[in-house]
Amino acid sequence: MKLFLFGIGGTGARVLRSLTMMLAAGAKTPADLTIVPILLDMDMQNGDTERSLRVVDLYRTIRRGAYEGPTGSQGQKTFFATPLQPLGTLQAENAQERLGDSVMPKLTDHEGTFEEFLQVSSMDDTDRELLKLLYDNSAKPTTAELKLNLSVGFKGNPNIGSVVFNALEDSAVYKYFTGAFNDATDRIFIISSIFGGTGSSGFPQLVKLLQQPNQKLPIRNARKGAVTVMPYFALEDNTNSSIDQNRFLSKTKAALSYYQTQVHLDALYYIGDQAGGKLYPNVEGGAQQVNNAHVVEMLAAAAVLDFARRPADEFGGGKQHYEFGVKRNDRTLDLPHFYDRTYNDLLEPLIRFAYATKFYTDFLPGHLTEAFARNLNLRQDITTNSFYTALQNFMGVHFRGWLAEMAQNDRAFAPFDLNADFNSMVRSKQIETGFFKKGISEGFLRDQAGEVENKLQKSFPQNEARFMQMLIEVADRCREKLETVNRQLADS
Amino acid sequence: MFTSLYELWLGQNDDPIYAETIFNPVGLLTLVVAFVLAAIFYLGLGRWKAVFYKVGPWVVTLIVAALFGYAYALSYALDQTGADESDAYMQGFGGVNALYAVLYFVLFSFLLKRFSIYARRTPV
Numbered sequence: 001m002k003l004f005l006f007g008i009g010g011t012g013a014r015v016l017r018s019l020t021m022m023l024a025a026g027a028k029t030p031a032d033l034t035i036v037p038i039l040l041d042m043d044m045q046n047g048d049t050e051r052s053l054r055v056v057d058l059y060r061t062i063r064r065g066a067y068e069g070p071t072g073s074q075g076q077k078t079f080f081a082t083p084l085q086p087l088g089t090l091q092a093e094n095a096q097e098r099l100g101d102s103v104m105p106k107l108t109d110h111e112g113t114f115e116e117f118l119q120v121s122s123m124d125d126t127d128r129e130l131l132k133l134l135y136d137n138s139a140k141p142t143t144a145e146l147k148l149n150l151s152v153g154f155k156g157n158p159n160i161g162s163v164v165f166n167a168l169e170d171s172a173v174y175k176y177f178t179g180a181f182n183d184a185t186d187r188i189f190i191i192s193s194i195f196g197g198t199g200s201s202g203f204p205q206l207v208k209l210l211q212q213p214n215q216k217l218p219i220r221n222a223r224k225g226a227v228t229v230m231p232y233f234a235l236e237d238n239t240n241s242s243i244d245q246n247r248f249l250s251k252t253k254a255a256l257s258y259y260q261t262q263v264h265l266d267a268l269y270y271i272g273d274q275a276g277g278k279l280y281p282n283v284e285g286g287a288q289q290v291n292n293a294h295v296v297e298m299l300a301a302a303a304v305l306d307f308a309r310r311p312a313d314e315f316g317g318g319k320q321h322y323e324f325g326v327k328r329n330d331r332t333l334d335l336p337h338f339y340d341r342t343y344n345d346l347l348e349p350l351i352r353f354a355y356a357t358k359f360y361t362d363f364l365p366g367h368l369t370e371a372f373a374r375n376l377n378l379r380q381d382i383t384t385n386s387f388y389t390a391l392q393n394f395m396g397v398h399f400r401g402w403l404a405e406m407a408q409n410d411r412a413f414a415p416f417d418l419n420a421d422f423n424s425m426v427r428s429k430q431i432e433t434g435f436f437k438k439g440i441s442e443g444f445l446r447d448q449a450g451e452v453e454n455k456l457q458k459s460f461p462q463n464e465a466r467f468m469q470m471l472i473e474v475a476d477r478c479r480e481k482l483e484t485v486n487r488q489l490a491d492s
Numbered sequence: 001m002f003t004s005l006y007e008l009w010l011g012q013n014d015d016p017i018y019a020e021t022i023f024n025p026v027g028l029l030t031l032v033v034a035f036v037l038a039a040i041f042y043l044g045l046g047r048w049k050a051v052f053y054k055v056g057p058w059v060v061t062l063i064v065a066a067l068f069g070y071a072y073a074l075s076y077a078l079d080q081t082g083a084d085e086s087d088a089y090m091q092g093f094g095g096v097n098a099l100y101a102v103l104y105f106v107l108f109s110f111l112l113k114r115f116s117i118y119a120r121r122t123p124v
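Protein chains in written order, with UniProt numbering: chain A, 1 to 492; chain B, 1 to 124.
And the structure:
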């Protein structure tokens, strides 16, 4: 089953980043799932988007090395298990234009202001005056909507975005998507925010296109879902920015009432949060818009997986609405805050991946002379082979960074302290140690890595595939040492 | 076989007891002990846990083999010849046996290391 996943705007990109992390960790997905991420944004330079594209690229490089070699398809697939396949790499009927293998194909060739996009200069006077009634044309740079440069997105103005997204139907990316969507089991999911500009305008436009009566049958009949991210953060005051956070809630209310009557999908997931004390920089877009990861984005990504896991026959009886809740409204969330399904499907895999990350980034560099490392030729390959450098970058920079950002945000999600030792890195459960019980010690890791690598030599002659299997098994053995994690919340 | 190996370095001793009753048992036991030491290092400890498996411990085991080779050859020769103290030939025999113990241990190391887990890459 292919899941065509549209991520619209900055929120779409940030949720895709979290989704990639969870897929890397081995969050529960259907075995035959392939995700086709498609980011739709005018802001090609957006910092958040750039980061998401980077992690998807790294994910694909790692997955290729680990599973796509001659023996890669055997064995366990836990980490990096689900393929992420860019739209342009699929076969598409009647595709007139090649898309390349980026998950963010260019939406339009237009570069310039909204006024230029509308070709106002070639309009007659009546149309031009009507436009001035509808859009702010004042000289004030922060509010002049017609003068807005579209290369940084719609700066929180859905009234602009909806006009631009009207042209989505004619875009190469949309045409390619319709050509590539042919299987009755394939599904469509859309990620967008409701309080910004790009997501809140792109989402209804995209849904409208998918629901058109002349739309091809497999698309019209496909199971479709969406997650709508409602306000969850607050911005710093910035009088030079055209993004006005005071309008977040009113925009959300207006959009929700529109969705109620105009958006007909099989499953609609809603998520939001009261903004915390940590204010995000009020940046209109571009490379400087790099917001810290937030648990809401992780849970919005969990909605994607929830939709993919639900059997097709569960849908069809009208719109299903889903919301997400935690056990207690604390400003810092830990593993016990989540109910069983989230814990088992998402957080257990995260624990294993956190162990694997610590093994790879902290333990391995100091143990490259061990027999297992030499058998894998790690001493040389770890700095030169693209599989290992991608893994180092993914785990050491992006995954650790993602966890650290969520831990520092408000509301925080801080289940791990990767700077602590292996025995105390899971905050809600310490591994007890004593004179004869060392827990996850260096000796334990050396024993496990050596034994597992030796066992896998015959079945996985290719080093990268063997290394991934070893990483999975070592992480499993670390998880066994942790034993049962306490799921009861301590008194606040 | 062992007689010629020792006489290669030491030459023939006037007392035929070396060729008849000393060289072969000493050579054989030295070979067996070198094998046992290598087996313990590579198959025992080397497959059990990641302990005592690096080059340092391997060198220590090598020295143990050499010391055994020297001490065993000397004491066996003293015992068989009935001499009160060792002579130059006996000392030379101890030294050459120590050298063979080292040689056997290195040889068995390279034969057995492939069957080890943790010491698979020891000494190189």
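The beta carbon of each residue, even a glycine, is placed where N, CA and C say it ideally should be. Predicted, not measured: the structure shown is a model, and the values here were computed from it.
Which residues in the same chain have their Cβ closer than 6 Å to the Cβ of residue 276 of chain A, if we skip the five residues on either side of it in sequence?
The sequence position of residue 276 of chain A within the first sequence is 276, counting from 1. Cβ within range, chain order: 410, 411.
First through last residue of the alpha helix (DSSP H) which encompasses residue 81 of chain B:
The residue you call residue 81 of chain B lines up with position 81 of the second sequence. Looking at the DSSP string, the run of the alpha helix (DSSP H) that includes residue 81 of chain B is 55-81.
Does residue 118 of chain B have its Cβ less than 8 Å from a Cβ in chain A?
Position 118 of the second sequence, counted from the first residue, corresponds to residue 118 of chain B. Chain A, which has a Cβ nearer than 8 Å to the Cβ of residue 118 of chain B, makes this yes.
Is residue 40 of chain B buried or exposed, if buried means 16 or more other CB atoms sit within 10 Å of its CB?
Residue 40 of chain B sits at position 40 when you count from the first residue of the second sequence. Exposed, since its Cβ has fewer than 16 Cβ neighbours within 10 Å.
Does any CB atom of chain B fall closer than 8 Å to the CB of residue 480 of chain A?
On the first sequence, position 480 is the one that residue 480 of chain A refers to. No, residue 480 of chain A does not count as interfacial toward chain B.
Does the beta-carbon distance from residue 47 of chain A to residue 290 of chain A come in below 8 Å?
To locate residue 47 of chain A, count along the first sequence from 1; it is residue 47. To locate residue 290 of chain A, count along the first sequence from 1; it is residue 290. Yes. Within cutoff.
Where does the unbroken beta strand (DSSP E) through residue 323 of chain A begin, and where does it stop?
Residue mapping note: residue 323 of chain A aligns to position 323 of the first sequence, counting from 1. Its beta strand (DSSP E) spans residues 320-323.
Give the residues of chain B in contact with residue 450 of chain A, contact being defined as C-beta atoms less than 7 Å apart.
The residue labelled residue 450 of chain A in the question sits at position 450 within the first sequence. By Cβ distance, chain B contributes 50, 117, 118.
Going by C-alpha to C-alpha distance, which of A:230, A:20, A:269, A:278 sits closest to residue 255 of chain A?
Position 255 of the first sequence, counted from the start, is the residue given in the question as residue 255 of chain A. For residue 255 of chain A, the nearest C-alpha among the options comes from A:230.
Give a yes or no on contact between the segment 56-74 of chain B and the segment 85-99 of chain B, applying the rule of three or more CB pairs nearer than 8 Å.
yes
What do you get for residue 129 of chain A, buried or exposed, if any count of 16 or more other CB atoms within 10 angstroms of its CB means buried?
Taking the first sequence and counting its residues from 1, one reaches residue 129 of chain A at position 129. With fewer than 16 other Cβ atoms within 10 Å, it is exposed.
Distance check for residue 378 of chain A and residue 301 of chain A, CA to CA, integer angstroms please.
One-based indexing of the first sequence puts residue 301 of chain A at position 301. One-based indexing of the first sequence puts residue 378 of chain A at position 378. Taking the straight line from one Cα to the other gives about 34 Å.
I want to verify the contact list: residues of chain A whose CB lies under 7 Å from the CB of residue 121 of chain B, in sequence order.
Taking the second sequence and counting its residues from 1, the one referred to as residue 121 of chain B is at position 121. Within 7 Å Cβ-Cβ: 371, 374.
Between the C-alpha atoms of residue 419 of chain A and residue 2 of chain B, what's the straight-line distance to the nearest angstrom?
Walking along the first sequence from the start, residue 419 of chain A turns up at place 419. Walking along the second sequence from the start, residue 2 of chain B turns up at place 2. Residue 419 of chain A and residue 2 of chain B: Cα-Cα distance of roughly 60 Å.
Name the DSSP beta bridge partners of residue 188 of chain A, please?
Position 188 of the first sequence, counted from the first residue, corresponds to residue 188 of chain A. According to DSSP, residue 188 of chain A bridges with A:4, A:224.
Note down, in chain order, all residues in the segment 343-368 of chain A with a beta-carbon under 9 Å from any beta-carbon belonging to chain B.
none
Whole angstroms is fine: what's the gap from residue 80 of chain A's alpha carbon to residue 468 of chain A's?
The residue labelled residue 80 of chain A in the question sits at position 80 within the first sequence. The residue labelled residue 468 of chain A in the question sits at position 468 within the first sequence. Each residue's Cα considered, the two are about 10 Å apart.
Taking all protein chains shown into account, decide if residue 126 of chain A is buried (16 or more other Cβ within 10 angstroms of its Cβ) or exposed.
Mapped onto the first sequence, residue 126 of chain A falls at position 126. So residue 126 of chain A ends up on the exposed side.
Answer yes or no: does any C-beta atom of chain B fall closer than 8 Å to that of residue 443 of chain A?
Here residue 443 of chain A is taken as the residue at index 443 of the first sequence, counted from 1. Closer than 8 Å to some Cβ of chain B, the Cβ of residue 443 of chain A qualifies, so yes.
Using a C-beta to C-beta distance shorter than 8 Å, which residues of chain B count as neighbours of residue 446 of chain A?
On the first sequence, residue 446 of chain A is found 446 positions in, with the first residue counted as 1. Near residue 446 of chain A (Cβ distances below 8 Å), the residues of chain B are 50, 118.
For residue 84 of chain A versus residue 59 of chain A, is the C-beta distance shorter than 8 Å?
Your numbering for residue 84 of chain A matches position 84 in the first sequence. Your numbering for residue 59 of chain A matches position 59 in the first sequence. Yes. Within cutoff.
Rounded C-alpha distance that separates residue 288 of chain A from residue 437 of chain A
The residue labelled residue 288 of chain A in the question sits at position 288 within the first sequence. The residue labelled residue 437 of chain A in the question sits at position 437 within the first sequence. Rounded to whole angstroms, residue 288 of chain A to residue 437 of chain A spans 49 Å at the Cα level.
Using a Cβ-Cβ distance under 8 Å, would residue 454 of chain A count as near chain B?
Here residue 454 of chain A refers to the residue found at position 454 when the first sequence is read from its first residue. Yes, residue 454 of chain A lies at the interface with chain B (some Cβ there is under 8 Å from its Cβ).
Residue 349 of chain A - containing alpha helix (DSSP H), residue span
In the first sequence, residue 349 of chain A corresponds to position 349, counting from 1. From DSSP, the alpha helix (DSSP H) with residue 349 of chain A extends over 348-358.
Do the segment 6-13 of chain B and the segment 470-480 of chain A meet, that is, are 3 or more Cβ pairs less than 8 Å apart?
no
Boundaries of the alpha helix (DSSP H) in which residue 67 of chain A is found, first to last residue:
The residue labelled residue 67 of chain A in the question sits at position 67 within the first sequence. Here the alpha helix (DSSP H) through residue 67 of chain A covers 47-67.
Along the chain, where does the alpha helix (DSSP H) that runs through residue 120 of chain A open and close?
Numbered from its first residue, the first sequence carries residue 120 of chain A at position 120. Element bounds for residue 120 of chain A: n/a, residue is neither H nor E.
State the Cα-Cα distance for the pair residue 486 of chain A and residue 49 of chain A, rounded to the nearest angstrom.
In the first sequence, the residue the question calls residue 486 of chain A occupies position 486. In the first sequence, the residue the question calls residue 49 of chain A occupies position 49. Answer to the nearest angstrom: the Cα atoms are 36 Å apart.
For residue 174 of chain A, I'd like the list of residues in its chain whose CB is within less than 6 Å of its CB, leaving aside the five on either flank, ordered along the chain.
Counting from 1 along the first sequence, the entry for residue 174 of chain A is found at position 174. Answer for residue 174 of chain A: 168, listed in chain order.
Mark residue 258 of chain A as exposed unless 16 or more other C-beta atoms lie within 10 angstroms of its C-beta, in which case mark it buried.
Within the first sequence, the letter at position 258 stands for residue 258 of chain A. So residue 258 of chain A counts as exposed.
Per DSSP, residue 38 of chain A forms a beta bridge with which residues?
On the first sequence, residue 38 of chain A is found 38 positions in, with the first residue counted as 1. Its beta-bridge partners are A:6.
For residue 29 of chain B, which residues from the same chain have a beta carbon less than 7 Å from its beta carbon, with the 5 sequence-adjacent residues on both sides left out?
Counted from its first residue, the second sequence places residue 29 of chain B at position 29. Excluding residues within five positions, the ones whose Cβ falls inside 7 Å are 72.
Identity of the residues DSSP links to residue 271 of chain A by a beta bridge
Working through the first sequence from its first residue, we reach residue 271 of chain A at position 271. For residue 271 of chain A, which the question treats as bridged, DSSP gives the partners A:229.
What span of residues does the alpha helix (DSSP H) with residue 384 of chain A cover, start to end?
Residue 384 of chain A sits at position 384 when you count from the first residue of the first sequence. 378-384 is the span of the alpha helix (DSSP H), which, as asked, contains residue 384 of chain A.
Going along the chain, which residues of its own chain have a beta-carbon closer than 7 Å to the beta-carbon of residue 199 of chain A, five neighbours each way excluded?
Your numbering for residue 199 of chain A matches position 199 in the first sequence. Result list for residue 199 of chain A: 8, 9, 11, 12, 192, 193, in chain order.
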